[in-house]
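Going letter by letter, the sequence shown gives residues 2 to 203 in the numbering used here.
Virtual Cβ for every residue (Gly too), placed ideally from N, Cα, C.
The structure appears right after this line, and notes come after that.
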Amino acid sequence: MSSRYQTVAASTRFEIEKVKASRFLADALPLASEAELEAALKRVRKEFHDARHHCWAYRLGPGGTRFRSSDDGEPSGSAGKPILQQIEARSLSDVLVVVTRWFGGTKLGVGGLVRAYGAAAAAVLDRAPRREVVRTQRIEVAFPYECTAVVQGLLAAAGIAPTAARYDEQAVLEVEVPLDELASFEHELRERSSNRARLRQL
Numbered sequence: 002m003s004s005r006y007q008t009v010a011a012s013t014r015f016e017i018e019k020v021k022a023s024r025f026l027a028d029a030l031p032l033a034s035e036a037e038l039e040a041a042l043k044r045v046r047k048e049f050h051d052a053r054h055h056c057w058a059y060r061l062g063p064g065g066t067r068f069r070s071s072d073d074g075e076p077s078g079s080a081g082k083p084i085l086q087q088i089e090a091r092s093l094s095d096v097l098v099v100v101t102r103w104f105g106g107t108k109l110g111v112g113g114l115v116r117a118y119g120a121a122a123a124a125v126l127d128r129a130p131r132r133e134v135v136r137t138q139r140i141e142v143a144f145p146y147e148c149t150a151v152v153q154g155l156l157a158a159a160g161i162a163p164t165a166a167r168y169d170e171q172a173v174l175e176v177e178v179p180l181d182e183l184a185s186f187e188h189e190l191r192e193r194s195s196n197r198a199r200l201r202q203l
């Protein structure tokens, strides 16, 4: 499983063209955990209390291994699933998409609903700014002072800045290393310091 994945950087809203007089307005929202779900849905429902349906889907975590969707009263599989499929198609995670529908008086059928909800989700996700999430491991690096230049050079090359430091009999730095770089970082550290630098996961 990769330690890096894409998510939305900010809440984004977009309304597609009406489908047989029904309105479909989509919100893409950053979501850090299942605990935030109900509050996010409550905000959307309160803002658009006159709408008939608030269908949604989310994915969480690296690989999007945690996910759920809801048809919110629409025929089974006609709304939540196509929204989720659009999130998956873009390999996004830590995101909630809510598509609000105002019924226009004409039934769209399951196929029509699938296309409309999918189109609304796709449109808002394609407009949402994105950012990369990098999962890291906090580690402690302890080394004799004569290895300072070696350790600092390795950290600089990796683009890693210490988050804490203390200096006693030897120097001790705390750093956050991306998970997919941890093995190579530890190997380089031992090689360059001739095994004098020690690494401990915190």
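Query - Cβ shell of F15 (< 6 Å), same chain only, five flanking positions each side left out - result: A27, A124, V125 and R128
Requested in this report: Express the C-alpha separation of I161 and Q153 in angstroms, rounding to a whole number.
Outcome: 9 Å
Query - H55 - containing beta strand (DSSP E), residue span - result: H54 to L61
Query raised in the report: Going by the CB atoms, is the gap between E147 and L203 shorter than 8 Å?
Result: no
Query raised in the report: For Q171, does the three-state DSSP call read helix, strand or coil?
Result: coil
Query raised in the report: DSSP beta-bridge partners for L26?
Result: E16 and T101
Query raised in the report: When the distance is taken between beta carbons, is F144 closer than 8 Å to R197?
Result: yes
Query raised in the report: Does DSSP classify I140 as helix, strand or coil?
Result: strand
Query raised in the report: Cα-Cα, which of L114, S94, R53 and E48 is closest to P63?
Result: S94
Requested in this report: Drop a sphere of 10 angstroms on the beta-carbon of R131, count the other beta-carbons inside from all chains shown, and report buried for 16 or more, exposed for fewer.
Outcome: exposed
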